[in-house]
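Protein chains in written order, with my numbering: chain A, 38 to 270; chain B, 0 to 85. Built from N, CA and C at the ideal position, the CB exists for glycine as well. These numbers come from a predicted model, not from an experiment. Working notes, beginning with the structure itself.
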Amino acid sequence: MSVQTSVHQDLHGPELLHHFADPQQQRNAVSLGMWIFLATEVMFFGGLFCAYLIYRGWFFGDFAAASKSINAALGGTNTAVLICSSLTVVLAIWAAQTSRRMLLIAMLVLTMIFGLAFLGIKGIEYRDKFEEHHVPGASFSFDHEPIPGHPGQYANPQHAQIFFALYFIMTGLHALHMIVGLGLFTWLLVMAWKGRFTPAYHTPLEIGGLYWHFVDIVWIYLFPLLYLIDRHP
Amino acid sequence: MYFGVWIALLVGTVLTYEVAKIDLGAYNSAVALIIATTKALLVALFFMHLKGASEKLLKLVVISTVFFLFLLMALAMADYGTRHWS
């Protein structure tokens with residue numbers, strides 16, 4: 038009993054807070070909390086995906102026409118950028134587990150560069166939509182846009198506007214999550230710079246990584262659903 | 000292993016982009032969702048380390064997340080899909 042107490046006191050730091058029995062229990066508790074948070078995030082985005090599915094079912098042709106007006110090459114590039122950033126996140130955690138501080142810092146910086154590149158490309162996409170008057174609102178215009186696969190038929194601008202509203206809300210909410218992620222990773226970078234992460238304690242990296250991967254998964258679904266409804270030549 | 004998953008995810012991205020250009024009728028959406036779900040599973044199992052997670056409580060949270068998302072979608076679709084809107 039006395040041995041256990043002394044071990045407990047020796048480890049008293051962020052790697053073992055007072056109310057946990059051992060580091061493993063603390064790691065499990067923290068990870069469980071993060072997964073419960075991600076569950077609420079899934080339901081948050083789930084409502085939007087549900088709205089999208091309902092309207093897509095009703096106005097499929099109009100959605101296909103509107104989807105075709107978005108630059109799918111930019112969207113595809115952004116998917117690849119996010120996948121690369123997810124790789125650098127797992128490599129950062131591996132670097133922390135094997136005490137490679139400079140590699141850890143390099144991977145965190147790379148992750149943030151990929152994140153910023155994603156937002157930059159997203160910005161180009163939004164600019165195009167503004168220039169084409171595809172932003173829902175008073176100056177919205179989507180006249181004489183053909184419905185793919187139905188020659189001579191044109192999309193209903195009101196229905197296309199619903200697509201663009203969903204496009205801006207869903208990608209906008211996703212971009213907001215990216216901005217929050219960049220904030221988290223700035224903090225992780227500062228901690229890594231100060232040498233706070235060791236093979237025994239790098240829980241913040243793992244938690245930040247879980248968040249980053251979740252945002253990646255949301256995009257993995259957004260890309261085909263918004264950009265690739267009907268791309269037949 | 001991480002690099003293998005990364006390559007698979009990039010291949011999946013190119014695949015979903017190219018398949019969208021082929022006319023498969025109603026199957027286009029199905030193929031797109033299958034590829035997206037495969038990619039999401041790869042990220043969750045390997046990058047988020049769900050594979051090999053031993054804690055039962057964690058598994059319960061993940062499974063109930065998927066279940067409630069399914070419930071949300073299925074009940075909403077069952078409602079809107081069977082109503083006869085004029």
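8 angstroms Cβ cutoff, residue i in contact with chain B
{"i": "A/M80", "result": "yes"}
{"i": "A/N358", "result": "The structure shown has nothing for residue 358 of chain A, since chain A only spans 38 to 270."}
{"i": "A/G83", "result": "yes"}
{"i": "A/P236", "result": "no"}
{"i": "A/W224", "result": "no"}
{"i": "A/V127", "result": "yes"}
{"i": "A/G50", "result": "no"}
{"i": "A/N108", "result": "no"}
{"i": "A/M38", "result": "Because the pLDDT at A/M38 is just 45, under 50, the model does not fix this residue reliably, and the point stays unresolved."}
{"i": "A/A202", "result": "no"}
{"i": "A/R137", "result": "no"}
Simplified DSSP state of residue i, which is helix, strand or coil
{"i": "A/P270", "result": "coil"}
{"i": "B/G80", "result": "helix"}
{"i": "A/P60", "result": "helix"}
{"i": "A/P183", "result": "strand"}
{"i": "A/L263", "result": "helix"}
{"i": "A/G189", "result": "coil"}
{"i": "B/L23", "result": "coil"}
{"i": "A/L54", "result": "coil"}
{"i": "A/A175", "result": "coil"}
{"i": "A/F234", "result": "coil"}
{"i": "B/E54", "result": "coil"}
{"i": "B/S63", "result": "helix"}
{"i": "A/S104", "result": "helix"}
CB contact flag (residue i, residue j, <8 angstroms)
{"i": "A/V172", "j": "A/F205", "result": "yes"}
{"i": "A/M144", "j": "A/L219", "result": "no"}
{"i": "A/F234", "j": "A/L247", "result": "no"}
{"i": "A/A103", "j": "A/A197", "result": "yes"}
{"i": "A/W256", "j": "A/L119", "result": "yes"}
{"i": "A/S106", "j": "A/W249", "result": "no"}
{"i": "A/D165", "j": "A/N108", "result": "yes"}
{"i": "A/I91", "j": "A/W230", "result": "no"}
{"i": "A/G189", "j": "A/H269", "result": "no"}
{"i": "A/F177", "j": "A/A192", "result": "no"}
{"i": "A/F74", "j": "A/A66", "result": "no"}
{"i": "B/L9", "j": "A/A117", "result": "yes"}
{"i": "A/G98", "j": "A/I184", "result": "yes"}
{"i": "A/V79", "j": "B/T64", "result": "yes"}
{"i": "A/I130", "j": "B/V42", "result": "no"}
Residue interval of the alpha helix (DSSP H) (run including residue i)
{"i": "A/Q198", "result": "194-230"}
{"i": "B/M47", "result": "First-last for B/M47: undefined, no H or E at that position."}
{"i": "B/L8", "result": "1-18"}
{"i": "A/P241", "result": "240-259"}
{"i": "B/L27", "result": "According to the sequence provided, residue 27 of chain B is Asn. The question's Leu does not apply to it. Per DSSP, B/N27 belongs to the alpha helix (DSSP H) from 26-41."}
{"i": "A/D165", "result": "138-168"}
{"i": "A/T114", "result": "109-134"}
{"i": "A/F96", "result": "Element bounds for A/F96: n/a, residue is neither H nor E."}
Chain A within 8 angstroms of residue i, Cβ atoms only
{"i": "B/A77", "result": "no"}
{"i": "B/F66", "result": "no"}
{"i": "B/T12", "result": "yes"}
{"i": "B/L56", "result": "yes"}
{"i": "B/T15", "result": "yes"}
{"i": "B/Y1", "result": "yes"}
{"i": "B/T44", "result": "A quick correction: the sequence has Leu, not Thr, at residue 44 of chain B. No, because no Cβ of chain A sits closer than 8 angstroms to the Cβ of B/L44."}
{"i": "B/K20", "result": "yes"}
{"i": "B/K38", "result": "yes"}
{"i": "B/A29", "result": "no"}
{"i": "B/A25", "result": "no"}
Residue i, buried or exposed, once every other Cβ within 10 Å from all chains shown has been counted against 16
{"i": "A/M207", "result": "buried"}
{"i": "B/Y26", "result": "exposed"}
{"i": "A/P236", "result": "exposed"}
{"i": "A/P200", "result": "It is worth fixing the name first, because residue 200 of chain A is Phe in this sequence and not Pro. Classification of A/F200: buried, given that the 10 Å Cβ count is 16 or more."}
{"i": "A/P51", "result": "exposed"}
{"i": "B/F45", "result": "buried"}
{"i": "A/I244", "result": "buried"}
{"i": "B/L82", "result": "Here residue 82 of chain B is Arg; the residue named in the question, Leu, does not match the sequence. Exposed: under 16 other Cβ atoms inside 10 Å."}
{"i": "A/M215", "result": "buried"}
{"i": "B/A73", "result": "exposed"}
{"i": "B/M47", "result": "buried"}
Contact test: residue i Cβ vs the ligand SAH heavy atom, cutoff 7 angstroms
{"i": "A/G186", "result": "The model on display carries no ligand, and the ligand SAH is accordingly not part of it."}
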